[in-house]
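> Quick one: this structure, given as structure tokens, is what I'll be asking you about.
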Amino acid sequence: MAGLVMRFRVPSTQFIRPQPTSFRRFASSQSATPNPPIEFKTTLPAPNDFVNTNELFKNKKVLVVGVVGAFTGVCDGQIPPFAQKFAEFNAKGIDQIAIVSVNDHAVLKAFAKSLNLSEPKLVMLSDFDGSFTRSLGMEVDLSAAKLGKRSKRYAMLVDNGKITKQFVEEKVSDLKVSSADSVLKNL
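Each number in this note's numbering corresponds to the 1-based position in the sequence shown with 9 added.
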């Protein structure tokens, strides 16, 4: 597996105020780089390297794909098409695809391995405490389903740190506007 798995490290004193979002596709100039920036710790391929949101999004177009949770039926089917169609995304100007989930990095590492992800331009970001998800206004409370606070299912285009397009599902069980095919069609 050549995928990259990262986890967030956020100072305990940091508070990130959620930003409003829509449940439909829209263009936005919202920043994907909170201030102060959130820092990721890489676990593959270079353990203990750090990259923050400013570095991750600087001078490139990144497609961020939010998944509800690793090893769930819809998410298991959501991720592989993004890896399989990376060349098509790249032809539309996408430099990297980042998969984000409110799971710990060990879970995402096992999830990436189970999906046989090998596209080097695909990274998996473990938002272990939901900081990044909250900063984007993408948190959803699934406590009634015994899942706790998770991420909405979405895809968003980040161009040099600015969110330019978002594709957010109305229900976390949906895979319509944020599927690889739908996003490709609407970029």
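Quick reminder that beta carbons are idealized off the backbone N, C-alpha and C, glycines included.
Look at the alpha carbon of GLY146 and the alpha carbon of ASN125, and state the distance between them as a whole number of angstroms.
Locating residue 146 in the sequence shown gives position 137, counting from the first residue. Locating residue 125 in the sequence shown gives position 116, counting from the first residue. Their backbone Cα atoms lie some 30 Å apart in a straight line.
> Can you name the residues that DSSP bridges to ASP136?
Position 127 of the sequence shown, counting from 1, holds the residue named residue 136. DSSP output for ASP136 lists no bridge partner at all.
> Where do the ends of the beta strand (DSSP E) carrying VAL149 lie?
Within the sequence shown, numbered from 1, the residue matching residue 149 stands at position 140. Taken as a continuous stretch (DSSP letters only), the beta strand (DSSP E) holding VAL149 covers 148–150.
> Output the residue ranges of the alpha helix (DSSP H) runs that lie fully inside the segment 63–146 and measure 4 residues or longer, sorted by chain position.
Whole alpha helix (DSSP H) segments, 4+ residues: 82–93, 95–100, 114–123, 140–144.
> So the alpha helix (DSSP H) LYS194 belongs to, where does it begin and stop?
Sequence index remark: in the sequence shown, residue 194 carries index 185 (1-based). 189–195 is the extent of the alpha helix (DSSP H) around LYS194.
> Using C-beta distances below 6 Å, list every residue in its chain close to ALA189, excluding the 5 sequence neighbours before and after it, in chain order.
In the sequence shown, the residue the question calls residue 189 occupies position 180. Answer for ALA189: PRO90, PHE91, LYS94, listed in chain order.
> Would you call the CB atoms of THR142 and VAL109 closer than 8 Å?
Taking the sequence shown and counting its residues from 1, one reaches residue 142 at position 133. Taking the sequence shown and counting its residues from 1, one reaches residue 109 at position 100. Result yes, Cβ atoms of THR142 and VAL109 sit closer than 8 Å.
> Please decide whether LEU65 counts as near chain C, where near means a Cβ-Cβ distance under 8 Å.
Looking at the structure shown, chain C is missing, and only one protein chain is on hand.
> Thinking C-alpha only, which one of ASP136, VAL149, LYS69 is nearest GLU48?
Here the question's residue 48 lines up with position 39 in the sequence shown. For GLU48, the nearest C-alpha among the options comes from ASP136.
> Using a Cβ-Cβ cut-off of 6 Å (strictly less than) and excluding sequence neighbours within five positions of LEU151, which residues of its own chain qualify?
By one-based count along the sequence shown, residue 151 stands at place 142. Taken in chain order, the residues that qualify are ARG159.
> Can you name, in chain order, every residue of its own chain whose Cβ lies under 8 Å from the Cβ of PHE35, other than the five neighbours on each side?
Start at 1 with the first residue of the sequence shown, and residue 35 comes out as number 26. Reliability fails at PHE35, whose pLDDT of 35 lies under 50, so the model's placement of it is uncertain and the value that follows must be treated cautiously. Excluding residues within five positions, the ones whose Cβ falls inside 8 Å are LYS174, GLN175.
> Over what stretch of residues does the beta strand (DSSP E) that includes LEU184 continue unbroken?
In the sequence shown, residue 184 corresponds to position 175, counting from 1. Per DSSP, LEU184 belongs to no beta strand (DSSP E) and is neither H nor E.
> In whole angstroms, what separates the C-alpha of ASP138 from that of VAL149?
Indexing the sequence shown from 1 puts residue 138 at position 129. Indexing the sequence shown from 1 puts residue 149 at position 140. Using only the alpha carbons, I get a separation of about 13 Å.
> Alpha carbon to alpha carbon, how far is LEU196 from ALA41? Give it in angstroms, no decimals.
Locating residue 41 in the sequence shown gives position 32, counting from the first residue. Locating residue 196 in the sequence shown gives position 187, counting from the first residue. Answer to the nearest angstrom: the Cα atoms are 18 Å apart.
> If the criterion is Cβ atoms closer than 8 Å, does the pair MET165 and VAL77 meet it?
As a working note, residue 165 is residue 156 in the sequence shown. As a working note, residue 77 is residue 68 in the sequence shown. No, these two residues do not count as a Cβ contact at 8 Å.
> Straight-line CA distance for LYS67 to SER123?
Within the sequence shown, residue 67 is the residue found at index 58, counting from 1. Within the sequence shown, residue 123 is the residue found at index 114, counting from 1. Their backbone Cα atoms lie some 30 Å apart in a straight line.
> Which same chain residues, not among the five before or five after PRO46, have their C-beta less than 6 Å away from its C-beta?
Position 37 of the sequence shown, counted from the start, is the residue given in the question as residue 46. Once the five neighbours on either side are set aside, the close Cβ partners of PRO46 are ASN61, THR62, ASN63.
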